[in-house]
Amino acid sequence: DTAVSQTPKYLVTQMGNDKSIKCEQNLGHDTMYWYKQDSKKFLKIMFSYNNKELIINETVPNRFSPKSPDKAHLNLHINSLELGDSAVYFCASSQVGGGEQYFGPGTRLTVT
Amino acid sequence: AQSVTQPDIHITVSEGASLELRCNYSYGATPYLFWYVQSPGQGLQLLLKYFSGDTLVQGIKGFEAEFKRSQSSFNLRKPSVHWSDAAEYFCAVGEGPNDYKLSFGAGTTVTVRA
Numbered sequence: 003d004t005a006v007s008q009t010p011k012y013l014v015t016q017m018g019n020d021k022s023i024k025c026e027q028n029l030g031h032d033t034m035y036w037y038k039q040d041s042k043k044f045l046k047i048m049f050s051y052n053n054k055e056l057i058i059n060e061t062v063p064n065r066f067s068p069k070s071p072d073k074a075h076l077n078l079h080i081n082s083l084e085l086g087d088s089a090v091y092f093c094a095s096s097q098v099g100g101g102e103q104y105f106g107p108g109t110r111l112t113v114t
Numbered sequence: 083a084q085s086v087t088q089p090d091i092h093i094t095v096s097e098g099a100s101l102e103l104r105c106n107y108s109y110g111a112t113p114y115l116f117w118y119v120q121s122p123g124q125g126l127q128l129l130l131k132y133f134s135g136d137t138l139v140q141g142i143k144g145f146e147a148e149f150k151r152s153q154s155s156f157n158l159r160k161p162s163v164h165w166s167d168a169a170e171y172f173c174a175v176g177e178g179p180n181d182y183k184l185s186f187g188a189g190t191t192v193t194v195r196a
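Going down the list, the sequences are from chains P and C.
Counting from 1, position 33 in the first sequence corresponds to residue 35 in this note's numbering; the numbering is continuous, with no gaps.
Counting from 1, position 32 in the second sequence corresponds to residue 114 in this note's numbering; the numbering is continuous, with no gaps.
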């Protein structure tokens with residue numbers, strides 16, 4: 003059983019398009035996160051949700067809009083994609099804030 | 083705000099040799115500390131964590147780490163490296179309960195030679 007899953011695994015699109023990445027966790031966790039990993043493998047938190055409420059928004063452009071329909075899902079919608087958005091996006095979850103986080107396999111987004 | 087430094091960008095080690103990866107953090111109180119491993123094309127897997135108590139913590143895959151408050155360090159060690167340990171290793175720090183943000187180090191790439 004996959005604990006944290008993301009779809010799609012790969013996403014290739016053109017500048018200006020709108021795309022979504024979906025994340026689901028079956029761990030019963032209350033908290034979910036989105037991270038961006040750049041080409042140098044640096045990981046940076048983007049958003050954190052606890053019980054469907056936004057807790058952290060780390061100065062991410064408002065072209066990025068997370069949505070949490072329920073505690074098990076946290077989706078990421080990106081409008082007007084730019085070349086600089088190319089990265090690997092990881093979803094993660096934890097039982098509580100501050101606890102160990104479990105990561106999904108990542109979505110490699112390539113904007114051409 | 084907390085921050086993490088991993089001084090070694092790349093380490094090459096022979097199979098069977100010991101491995102130590104360095105991690106230094108900056109945070110005023112006792113942090114929550116984590117080591118994650120990322121194999122090529124994969125997500126991050128938690129190796130071990132430190133919240134409180136015994137400063138030497140054991141993790142999966144034969145790894146251990148030691149929290150040293152005086153040195154603000156949380157170094158990761160493995161006595162005998164296997165070829166499958168070749169990966170990217172990340173140290174992360176959190177501020178404790180109800181801190182919804184982990185800060186990650188830049189990572190250390192480990193190459194294992196036969």
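Here a beta-carbon is modelled for each residue, glycine too, at the ideal position from N, C-alpha and C.
Given the structure is predicted, the values throughout are model-derived calculations rather than measurements.
Just to make sure I have the definition right: I need the residues of chain C whose C-beta is within less than 7 Å of the C-beta of residue i. Which are they?
i: Glu102 of chain P; result: Phe116, Leu128, Lys131
i: Ile23 of chain P; result: Neighbours of Ile23 of chain P on chain C: none; closest Cβ ~13 Å, over 7 Å.
i: Thr4 of chain P; result: Going along chain C, no residue has its Cβ under 7 Å from Thr4 of chain P, so there is no contact; the nearest lies around 10 Å.
Relative to the C-alpha of residue i, which residue among the options is closest?
i: Asn59 of chain P; options: P:Ala5, P:Tyr35, P:Asn81, P:Glu102; result: P:Tyr35
i: Tyr132 of chain C; options: C:Ser154, C:Pro122, C:Gln124; result: C:Ser154
i: Ser41 of chain P; options: P:Thr4, P:Gly86, P:Met17, P:Ser7; result: P:Gly86
i: His75 of chain P; options: P:Glu26, P:Thr33, P:Leu45; result: P:Glu26
i: Thr114 of chain P; options: P:Ala5, P:Tyr51, P:Leu13; result: P:Leu13
i: Tyr109 of chain C; options: C:Thr193, C:Ala174, C:Ala169, C:Ala147; result: C:Ala174
i: Ala169 of chain C; options: C:Glu148, C:Gln84, C:Gly125, C:Thr193; result: C:Thr193
i: Arg104 of chain C; options: C:His164, C:Gly141, C:Trp117, C:Asp136; result: C:Trp117
Does the ligand FMN have a heavy atom nearer than 7 Å to the CB of residue i?
i: Thr109 of chain P; result: For the structure depicted, the ligand FMN is absent and the ligand set is empty, with no information on it obtainable.
Comparing the C-beta of residue i with each C-beta of chain P, is any distance below 8 Å?
i: Glu170 of chain C; result: yes
i: Pro179 of chain C; result: yes
i: Gln124 of chain C; result: yes
i: Gly144 of chain C; result: no
Whose Cβ in chain C lies nearer than 9 Å to the Cβ of residue i?
i: Ser41 of chain P; result: None at all; the shortest Cβ gap to chain C is about 12 Å.
Find out if the Cβ-Cβ distance for the pair residue i, residue j is shorter than 8 Å.
i: Ala2 of chain P; j: Gln39 of chain P; result: Nothing can be reported for residue 2 of chain P, as the shown portion of chain P is limited to 3 through 114.
i: Gly99 of chain P; j: Asn106 of chain C; result: no
i: Phe145 of chain C; j: Leu128 of chain C; result: no
i: Thr4 of chain P; j: Ser96 of chain P; result: no
Output, in chain order, the set of chain C residues within a Cβ distance shorter than 8 Å of residue i.
i: Asn52 of chain P; result: Tyr182
i: Gly99 of chain P; result: Pro179, Asn180, Asp181, Tyr182
Along chain P, which residues have their Cβ under 7 Å away from the Cβ of residue i?
i: Ala188 of chain C; result: Phe44
Would residue i count as contacting chain C if we go by Cβ distances under 8 Å?
i: Phe66 of chain P; result: no
i: Ile80 of chain P; result: no
request  = Scan the stretch 64-88 of chain P and note each continuous beta strand (DSSP E) run of 3 residues or more that stays entirely inside, going in chain order.
outcome  = With a minimum length of 3 residues, the continuous beta strand (DSSP E) runs that stay inside the stretch 64-88 of chain P are 66-72, 75-80.
request  = Go through the stretch 99-165 of chain C residue by residue and report every complete run of the beta strand (DSSP E) that reaches 3 residues or more, in order.
outcome  = Within the stretch 99-165 of chain C, the runs of beta strand (DSSP E) that reach at least 3 residues and sit entirely inside it are, in chain order, 101-103, 106-108, 114-120, 126-132, 138-140, 146-150, 155-160.
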